[in-house]
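One gets the numbering used here by counting positions in the first sequence from 1 and adding 722 to each. For glycine and all other residues, C-beta sits at the position ideal for the given N, C-alpha and C. The structure displayed is predicted, hence computed values, not measured ones. Report on the structure given below.
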Amino acid sequence: MEVRTRFAPSPTGYMHLGNLRTALYTYLYARRNGGKFILRIEDTDQKREVEGALDVIYKSLATAGLTHDEGPDVGGPCGPYIQSQRRDTYRPWAEKLIASGHAYYCFCTEERLGQARAEAEKKGENFKYDKHCLHLSKEEIQAKLDAGEPYVIRQNIPTEGKAGFDDLIYGRVEVDCDTLDDNVLLKADGLPTYNFANVVDDHLMGITHVMRGNEYLSSAPKYNLLYEALGWEPPKYVHLTPVMVEVPGTDEEGNPITVKRKMSKRKGDPSFEDLLAQGYLTEAIINYLALLGWSPKGEREFFTLKELEENFDLDGLSKSPSVFDQAKLNWFNAEYIRKLSPERYLELATPWLAQVLDPARFDFKRLGELLQGRTEVFNQLPGMVKFLAELPEYPLEFFANKKQKSTPESAKAALEFVKPVLEGIEDWTEANLHDTVMAKIPETGMKNGQVLWPLRIAISGQQSTPGGAFEIAYLLGREETLRRLEKAMERLD
RNA sequence: GCCGCCAUGGUCAAGCGGUUAAGACGUCGCCCUCUCACGGCGAAAACCGGGGUUCGAGUCCCCGUGGCGGUACCA
723 MEVRTRFAPS PTGYMHLGNL RTALYTYLYA RRNGGKFILR IEDTDQKREV EGALDVIYKS
783 LATAGLTHDE GPDVGGPCGP YIQSQRRDTY RPWAEKLIAS GHAYYCFCTE ERLGQARAEA
843 EKKGENFKYD KHCLHLSKEE IQAKLDAGEP YVIRQNIPTE GKAGFDDLIY GRVEVDCDTL
903 DDNVLLKADG LPTYNFANVV DDHLMGITHV MRGNEYLSSA PKYNLLYEAL GWEPPKYVHL
963 TPVMVEVPGT DEEGNPITVK RKMSKRKGDP SFEDLLAQGY LTEAIINYLA LLGWSPKGER
1023 EFFTLKELEE NFDLDGLSKS PSVFDQAKLN WFNAEYIRKL SPERYLELAT PWLAQVLDPA
1083 RFDFKRLGEL LQGRTEVFNQ LPGMVKFLAE LPEYPLEFFA NKKQKSTPES AKAALEFVKP
1143 VLEGIEDWTE ANLHDTVMAK IPETGMKNGQ VLWPLRIAIS GQQSTPGGAF EIAYLLGREE
1203 TLRRLEKAME RLD
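In structure tokens form, the structure reads like this:
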């Protein structure tokens, strides 16, 4: 049988990384097995509608390269693929459940339920709907229906026995039915809840493998009850762990500790589009995410999407939550940046450089060559090069460097030596700068570092720079280099 | 509280009854070197605790602890 998987996000307006990873695994499983990957939008909560949220989903998936075979935008034989546009498809199934005694009308008001919930909470008990409306007579129900009273349809969970399901990575999961609540299947507004919509749609869309977040692990037994009641074969389940972040927090006594929590855009954790905007490469994000919660067979850790499609397997999936590690993502990103062609790198780096540097004044191409091996994330670039635009204020102590045997005194001598040498260079190329200065250093009896360290400090104002003294001097140009040199010498007097 | 899931270095993780318990990121040291970065070499660093089962347990079972999730007319 053909494998059919689905990614079924709610349109929240952003793609958080846990979701993206779920989408990735779901996509990979379908591709690996020559199956179909379907996009379905779960927007049955009208209160949560967000403008433009659909586009974010399409755009994120397209950017990530997770192309779907069926979905709202591309169509397919099981449409519509937006749940709010399928509202009429759920009711008949709910009514069928009522007919067979697996569901029932409920006319309880929000007030009554709220009170019952509050009371249960006060007593420290778990709230469960008391099946009040299950015991209504046929006539009572009809009368209320005729009177147009608002109602919902609830699942009638057995009061005893066990319910369970089989998960491909967790194995058999079973719970006592009496711990389960009679959840609402169809809401007063006529739309289904997730509890019902996912079952109906997964069946109707022929989904063979349900891959989704761990948060559904506890409710999956209920869904299987529904499949049984409807006489449908349940899909294979694969529950995926959440992506966590570690943040500073406090323990019960108020001591600072690091706490883990689920990644959340609302709490300020970066979404996929945030990462992209910061200068992370899609390939790096995907590669990192793939390995966060899944491990391939061998020792390899660099995978293109295509390679992931060929290598993905379920038994590499982890059962416990994984912590998002920005440092490792940075490393992946840096590695991917290094693999870029110089042209591509320059193309991507230019907008960031142009934030602080005038492209007409600086050799961006040369800058790119210097920067490519030093770039972890593109948003670091402006901070790395802005010293070229304007000499930062720096303390004279910068001229002291033990390893280079440089002191403010030796620096003064070094600069006095190097200035006329530089002034003598008409053809301001890097090679010329290098060869001319290097040829003369031996005459002074100073070590290379004793000359080059202070020179670089003088013209950059920074202890570390992307490139050495000659590269910086070249980039600055003859005039600016000499100007900065003179300024340093005045200060050293 | 109740229910479910999970538990190997700081992080991601391999391991699926017998290993010197992989590897990667990060950290630290050394080398390269005009700084930084890259690269090379090396180091520190883990089986949550307690009971079983077994000749033998990180691996299987139970209990505890901890983490995560659920407990909605949200998904």
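Membership of Gly971 in the beta strand (DSSP E) is indicated by the continuous run 965-972. Secondary structure at Leu962: strand, using DSSP grouped into helix, strand and coil.
Residue burial is scored here from C-beta neighbours: Gly1020 has fewer than 16 other C-beta atoms within 10 angstroms and is therefore classed as exposed.
Straight-line measurement puts the Cα of Gly1105 at about 15 angstroms from the Cα of Asp1080. Counting only the Cα atoms, Leu926 lies some 14 angstroms from Val725. Per DSSP, reduced to three states, the secondary structure at Asn977 is coil, with no helix or strand assignment.
Met723 counts as exposed, since fewer than 16 other C-beta atoms from the protein chains shown sit within 10 angstroms of its C-beta. Pairing Asp1035 with Ile879, the inter-Cα distance amounts to about 35 angstroms.
Of Met933, Asp996, Leu948, Gln1102, the smallest CA-CA separation from Arg762 is found for Met933.
Residue range 1103-1111 is occupied by the alpha helix (DSSP H) that includes Met1106, with no beta strand (DSSP E) assigned at that position.
Looking at Ser1063, Ile779, Pro1142, Ser993, the one whose alpha-carbon comes closest to that of Gln1048 is Ser993. Sequence-distant Cβ neighbours of Thr1129 in its own chain, meaning closer than 8 angstroms and more than five residues away, are Phe1121, Ala1122.
Under the 10 Å beta carbon count, Gly823 is surrounded by fewer than 16 other beta carbons and is classified as exposed. With a 10 Å radius around the Cβ and a threshold of 16 neighbouring Cβ atoms, Pro1073 comes out exposed.
In the three-state reduction of the DSSP assignment, Tyr826 falls in the strand class.
Counting of Cβ neighbours within 10 angstroms places Lys844 among the exposed residues, the total staying below 16.
Secondary structure note for Gln877: its beta strand (DSSP E) is the uninterrupted segment 874-877. For Leu908, the enclosing beta strand (DSSP E) covers residues 906-908.
Judged by DSSP in its simplified three-state form, Phe887 adopts strand. CA-to-CA, the gap between Lys1087 and Leu997 works out to about 25 angstroms. With distances taken between CA atoms, Pro956 lies nearest to Asn920 out of Met966, Val965, Asn920. Gln864 and Pro872 have their C-alpha atoms some 12 angstroms from each other. Going by C-alpha positions, Gly1095 is about 13 angstroms away from Arg1066.
Taking a cut-off of 8 angstroms on C-beta distances, the segment 959-969 does not touch the segment 784-803, as fewer than three cross pairs fall below it.
Distance from the CA of Tyr827 to the CA of Glu861, rounded to the nearest whole angstrom, comes to 12 angstroms.
Here the alpha carbon of Trp815 sits roughly 24 angstroms from the alpha carbon of Asp888.
Residue environment: Glu1212 is assigned as exposed (fewer than 16 neighbouring CB atoms within 10 Å of its CB, all protein chains considered). For Val921, there is no enclosing beta strand (DSSP E); the residue is part of the alpha helix (DSSP H) that begins and ends at 916-926. If you ignore the 5 residues before and after Val922, its C-beta comes within less than 6 angstroms of the C-beta of Tyr812, Trp815, all in its own chain and listed in chain order.
For Met1211, the uninterrupted alpha helix (DSSP H) run begins and ends at 1200-1214, by DSSP.
Fewer than three Cβ pairs drawn from the segment 1140-1152 and the segment 1037-1055 lie within less than 8 angstroms of each other, which leaves the two stretches out of contact.
For Glu896, the enclosing beta strand (DSSP E) starts and ends at 893-898. Residue environment analysis places Phe1046 among the buried positions, since at least 16 neighbouring C-beta atoms fall within 10 angstroms of its C-beta. A distance below 6 angstroms between beta-carbons, with the five flanking residues on each side excluded, links Ser782 to the following residues of its chain, in chain order: Met737, Phe994.
Linking Glu1208 to Asp1215 through their CA atoms gives a straight-line distance of about 11 angstroms. By the Cβ neighbour-count rule, Gln837 is exposed, with fewer than 16 other Cβ atoms within 10 Å of its own.
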